[in-house]
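Number 190 in this note's numbering belongs to position 172 of the sequence shown; there are no gaps in the numbering.
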Amino acid sequence: MNLEEIESQAKQDLEKVLNLQELQQVKAKYLGKKGYITLALKEIAHIPPEQRREYGAKINRIKGHLEALFKEAEERLRKAEIERELLASWEELTVSLPKHVGAIHPISQTLARIKEIFLTMGFSVEEGPEVELESYNFDLLNIPKEHPARDMQDTFYVNKEGYLLRTHTSPVQIRVMLSQKPPIYMVAPGRVYRRDDDPTHSPVFHQVEGLVVDGQANFKHMKYTIEVFLREFFEREVPVRFRASYFPFTEPSAEVDIGCLVCGGAGCRVCKGGGWLEVMGCGMVHPKVLENCGIDSELYQGFAFGMGVERLCMLYFGIDNIKLFYENDLRFLRQFRWS
Ligand code: DAH
Numbered sequence: 019m020n021l022e023e024i025e026s027q028a029k030q031d032l033e034k035v036l037n038l039q040e041l042q043q044v045k046a047k048y049l050g051k052k053g054y055i056t057l058a059l060k061e062i063a064h065i066p067p068e069q070r071r072e073y074g075a076k077i078n079r080i081k082g083h084l085e086a087l088f089k090e091a092e093e094r095l096r097k098a099e100i101e102r103e104l105l106a107s108w109e110e111l112t113v114s115l116p117k118h119v120g121a122i123h124p125i126s127q128t129l130a131r132i133k134e135i136f137l138t139m140g141f142s143v144e145e146g147p148e149v150e151l152e153s154y155n156f157d158l159l160n161i162p163k164e165h166p167a168r169d170m171q172d173t174f175y176v177n178k179e180g181y182l183l184r185t186h187t188s189p190v191q192i193r194v195m196l197s198q199k200p201p202i203y204m205v206a207p208g209r210v211y212r213r214d215d216d217p218t219h220s221p222v223f224h225q226v227e228g229l230v231v232d233g234q235a236n237f238k239h240m241k242y243t244i245e246v247f248l249r250e251f252f253e254r255e256v257p258v259r260f261r262a263s264y265f266p267f268t269e270p271s272a273e274v275d276i277g278c279l280v281c282g283g284a285g286c287r288v289c290k291g292g293g294w295l296e297v298m299g300c301g302m303v304h305p306k307v308l309e310n311c312g313i314d315s316e317l318y319q320g321f322a323f324g325m326g327v328e329r330l331c332m333l334y335f336g337i338d339n340i341k342l343f344y345e346n347d348l349r350f351l352r353q354f355r356w357s
């Protein structure tokens, strides 16, 4: 091949190159140690002296031209390779949405709604630990040792003297009264634990505690607060009844019933024929409890309430088995998607 042929052949070869590896082979064929151009350069010794200058200039021009072409091709192929890699690892996020969109657990939805209603009424949301001091869970709430109320709430004790898994959210009242000065308007949502496990009881469940301590707080304020809450929660007017009851930490105490949402009060399986459903306990904070927390019971009065979240959730959504909340059966959970 003469020099022109080498040049045009190199260009043709270059056009067929598909990747960097092939490029290296073609490059070696022309510019490598035994490449055409290199060999042609060595030929210079056999060229008559008067033609050498012209031959040398020509070969250097071709060499320079080919080098430039190879460099350009190399850059182009390198870029293409990077793009190929990027394409291979690229995920089309906007198109391949996951097939199963999750749902917020009905208990979480219920807790969120309860908090929202009380926040709108000006209450703050407080939290307390699930491993609680025995004294906060019982003693300071006016439930002394040997008090029968301790049996009412069969307790899980932990391996540390003086600690237990809280049996209700009422100890958060104590924590708040010990650390804040009245006026207090708070709710405390959270998990509670009892040694109960049957078709209507779970060993872990949720409560929301409410506490108001203010100079004038009275039973009428409590009634109104609870009635407004229940109307907001059930999104309709519901008959509400306060029934005298007993809790060691409140005096007087009451249990709150609503007219059965299923039968409208006529009596059915859900309300066990009575027409009413119990939804929470409440009462005026016992003066002893206020004093236990350093609040002067001559200057302040308070009311408190405690509700079972599972119960409210079941009534709101029409769920008839508490176990459904904890089995994580997708056929159940999927029904609580918002969209
Ligand atoms: N702590 C009670 C329970 O777990 C519920 C309760 C009743 C809370 C009356 C209160 C209350 O704050 O005033 O059964």
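From the three backbone atoms N, C-alpha and C, an ideal C-beta is built for every residue, glycine too.
- Sequence-distant partners of Arg355 (beyond 5 residues in either direction) whose C-beta falls short of 6 Å from its own C-beta, in its chain, are Ala121.
- In the DSSP assignment, Asp31 falls within the alpha helix (DSSP H) that extends over 21 to 34.
- Around the beta carbon of Lys34, a 10 Å sphere encloses fewer than 16 other beta carbons of the protein chains shown; the residue is thus reported as exposed.
- Under a 10 Å Cβ-count criterion, Phe223 is classified as buried, with 16 or more other Cβ atoms of the shown protein chains found around its own Cβ.
- Leu104 carries a helical assignment under DSSP once its states are collapsed to helix, strand and coil.
- The straight-line gap separating the alpha-carbon atoms of Ile62 and Ala86 is approximately 23 Å.
- The shortest CA-to-CA distance from Cys331 to any of Ile132, Val44, Phe88, His118 is the one to Ile132.
- Excluding five sequence positions before and after Glu328, the CB atoms of its chain that fall closer than 8 Å to its own CB belong to Ile125, Ser220, Phe223, His224, Ile340, Phe343, given in chain order.
- With respect to the C-alpha of Asp214, the residue from Arg79, Ile244, Phe174 having the closest C-alpha is Phe174.
- Between the alpha carbons of Cys289 and Gly299 lies a distance of about 17 Å.
- Taking each of Glu296, Gln69, His304, Gly208 in turn and checking the Cα distance to Val231, the smallest one comes out for His304.
- With a cutoff of 8 Å, Gly324 counts as near the ligand DAH, since its C-beta is closer than that to a heavy atom of the ligand.
- Taken from the Cβ of Thr187, at least one heavy atom of the ligand DAH lies inside 8 Å.
- Here the alpha carbons of Ile55 and Arg70 stand approximately 15 Å from one another.
- At least one heavy atom of the ligand DAH lies closer than 8 Å to the C-beta of Gly228.
- Contact between Glu273 and Ser263 holds: CB atoms are separated by about 4 Å, below the 8 Å threshold.
- In the assembly as shown, Leu137 is an exposed residue. Its beta-carbon has fewer than 16 other beta-carbons within 10 Å.
- With contacts defined by Cβ atoms closer than 9 Å, Pro200 and Tyr154 do not form a contacting pair.
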